[in-house]
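This note's numbering numbers the first residue of the sequence shown as 7 and each following residue consecutively. Glycine included, each C-beta is placed from N, C-alpha and C at the ideal position.
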Amino acid sequence: MRLLRLQCRWIITLLGTLACLAVSAEDAKPTVYLQVILTGIKGAPANNVNARIKRKLYLLQEDHSDAAIYRFYDTLPKEITAALEPFGLFHAVIKSKTLTPPPPHSQAPWKAHFIITPNERVRFSDISVTVDGAGNTDPTFQALLKNFPIKTGQAFSADHYQKGKNALVNLASSRGYFKAKFTETTLVIDVIQNTATVHLRFDTGPRYNFGITQFAKTPFDESFLERYLYYKPGDPYDSTQLQATKQGLETSNYFQRVVALPEPNGTEDLGIPITIDLSTQAKRVYSVGAGYGTDTGPRLLLGMDYRWVNSQGSHFNTILRASPLDSALVFNYFIPGTHPDRDSYIFTVGATTINQASGKADNLRGGATYQTFVNQWQFNTSLTMMTERYQLTGLPNTDTYMLYPMLVIQRTWLDDPLDPHWGYNVLASIAGGAAPILSKTSFAQGHTSGRFILSPIPRTRVLLRGELGYTAINDIDNLPLSLDLFAGGSLSARGFRYNSLGPGKEMYVTSAELQEKIYGGFYIAGFIDVANVSDTAFTTSPNVGVGPAIVWSSPLGVFELSVANAITSSSRPWMIQFSMGQLI
């Protein structure tokens with residue numbers, strides 16, 4: 007039996023042939039003097055052969071005489087063989103079919119045609135992977151061994167073999183086994199029996215623990231920064247906890263740069279010091295915006311964000327939003343919670359003016375909110391005190407006041423924030439007030455919505471929206487206008503004016519939109535929106551709007567121009583509507 011015993015040096019040689027896949031081209035494309043055509047193989051082996059030959063073709067740039075091309079042609083079977091071996095194709099038969107020169111006075115390249123018969127492939131027959139040291143009892147290593155990248159019966163691949171070794175090394179590094187090493191790496195290939203035997207023995211050594219964390223000098227107390235840590239000194243080292251800490255600091259809005267590094271070198275005990283380098287952002291930032299929407303008309307936005315006011319990370323912002331239909335001035339003060347990247351306390355005061363077809367209102371409100379994130383779900387629990395003067399169309403002014411708690415649950419996921427093809431946004435809220443408790447009116451209100459993006463085929467997006475709301479109250483006219491349920495507008499029911507459907511105790515909106523990409527971020531779309539808001543919306547005929555639209559997914563957001571027809575209205579009016587913002 008002829009055996010090939012291949013140690014690390016041999017496998018590195020094989021992997022070197024795979025490295026051809028990563029060769030980058032020069033800025034200027036070289037002249038092609040020889041075109042090599044392969045038949046009989048496909049997939050990764052074919053890609054590797056082509057990449058290896060492409061790299062070698064650079065030899066013809068200096069000497070591309072007929073003699074040089076013939077010499078190069080004679081070396082190709084050897085190159086093809088070397089490129090196939092990392093995939094276990096040791097018995098491939100390579101047959102040269104033709105070498106054709108170009109026509110006289112032509113700039114076309116020579117053409118070489120090879121027919122490759124792969125024949126039987128070497129397969130992994132016996133795989134033994136042993137983990138010694140403290141990692142022997144680590145569940146993550148046991149899980150890796152159960153799902154090791156190479157398995158008995160699998161076609162041999164030098165790349166998969168190396169991936170298996172790398173998986174052990176990477177897991178050890180991420181779990182704090184900084185002295186891990188291989189004590190045995192044996193790969194034996196029997197080209198007669200077409201088998202590959204693997205014996206790996208990996209000694210993790212001891213597992214290190216988190217040591218003291220040292221922060222760079224910042225305006226914040228170290229006790230505050232330590233609340234971002236997902237670990238404490240003495241905990242077993244885990245890079246995912248360090249990464250979560252880094253991500254929390256990055257999203258805090260305090261820092262423009264965060265670098266978190268373990269420093270195992272020079273550590274005499276098993277405690278690894280962690281160094282976190284921080285560079286703060288500008289303390290204050292101002293924002294100015296202007297725009298136009300068919301729902302609100304011209305609009306203006308002014309804002310100021312004071313990113314921290316003390317060493318414990320408290321901060322505030324103020325926002326002025328003005329438009330003919332809806333204006334507000336809001337001040338928010340944030341106090342970080344026990345885990346600042348996951349929870350905070352928000353105190354809000356604000357004034358709002360509403361001027362729309364269904365009525366007018368002016369209100370003042372103040373409230374407190376506890377915001378927390380659990381497994382990517384956002385929970386907002388709030389208590390708000392509000393006073394409002396409102397006038398529904400055709401009715402006199404009404405003064406009211408209300409104290410009401412509210413719970414809002416929300417989650418959003420997108421595969422691409424700028425131009426998503428899969429994603430969703432789901433939201434549910436419940437609120438209520440009781441007349442004896444600082445409220446003029448008793449009510450309970452529930453609201454839920456879902457927005458979904460699907461891309462069943464390339465260049466096509468399907469947008470589905472649904473919204474459902476219900477208010478339990480004796481007389482809907484006694485509910486402040488700012489709490490009423492409405493529908494209509496470019497982001498709700500197209501073909502109907504902004505908030506022109508309602509108010510009412512019952513509300514629903516459903517929408518389906520098909521978008522087809524035509525160029526870059528531009529889509530052509532068609533939609534149907536169905537909605538109703540009234541005290542008997544669930545049992546009466548709906549309002550329906552249909553039409554085409556043009557959509558542009560830009561770095562600044564999504565712009566949509568629609569032409570909608572309210573087909574359930576007696577006059578069937580057409581309405582041009584424009585919106586900008588997020589897709590869902």
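Only buried fits Leu255, as 16 or more other CB atoms lie within 10 angstroms of its CB. Ile47 is bridged by DSSP to nothing; it lacks a bridge partner.
The beta carbon of Ala173 lies closer than 8 Å to those of Leu150, Phe154, Pro155 in the same chain, with the five residues before and after it left out.
Of all alpha-carbon atoms in Asp481, Ala186, Pro110, the one lying nearest the alpha-carbon of Phe147 is that of Ala186. Boundaries cannot be given for Gln382, as no alpha helix (DSSP H) includes it and DSSP labels it neither H nor E. Relative to Met391, the option among Tyr243, Ser488, Leu235 whose CA is nearest is Ser488. Taking 3 residues as the shortest admissible run, the segment 247 to 283 contains the following complete beta strand (DSSP E) segments, listed from N- to C-terminal end: 261 to 268.
For Asn215, the beta-bridge partners assigned by DSSP are Pro242, Gly277.
For Arg578, no beta strand (DSSP E) encloses it, and the DSSP letter there is neither H nor E. Minimum Cα-Cα distance from Ser445 among the listed residues Pro486, Pro426, Ile459, Leu469 corresponds to Pro486. Scanning the segment 84 to 145 from its first residue to its last, no whole alpha helix (DSSP H) run of 4-plus residues comes out. Under the 10 Å beta carbon count, Gln521 is surrounded by 16 or more other beta carbons and is classified as buried.
One Cα belongs to Pro548, the other to Ser435, and the distance between them is close to 24 Å.
Under a 10 Å Cβ-count criterion, Arg213 is classified as buried, with 16 or more other Cβ atoms of the shown protein chains found around its own Cβ. With 16 or more other Cβ atoms inside 10 Å of its own Cβ, Ile195 counts as buried.
Only buried fits Trp314, as 16 or more other CB atoms lie within 10 angstroms of its CB.
Straight across, the Cα-Cα distance linking Glu190 with Ala88 is about 26 Å. Comparing alpha-carbon positions, the option among Ile590, Ile352, Asp332, Leu306 lying closest to Gly429 turns out to be Ile590. The three-state reading of DSSP puts Arg500 in coil, since its state is none of H, G, I, E or B. The Cβ atoms of Phe322 and Thr286 do not sit closer than 8 Å to each other.
In the DSSP assignment, Ser180 falls within the alpha helix (DSSP H) that extends over 164 to 180.
Counting C-beta pairs with one atom in each stretch, the segment 522 to 536 and the segment 503 to 511 have fewer than three that are closer than 8 Å, which means they do not touch. Under the DSSP assignment, Ser329 falls outside any alpha helix (DSSP H); it carries neither an H nor an E label.
Each of Arg467, Ile482, Asn431, Asp421 was checked against the Cα of Thr447, and the nearest Cα belongs to Ile482. Distance check between Gly170 and each of Phe208, Gln416, Ser180 places Phe208 closest, using alpha-carbon atoms only.
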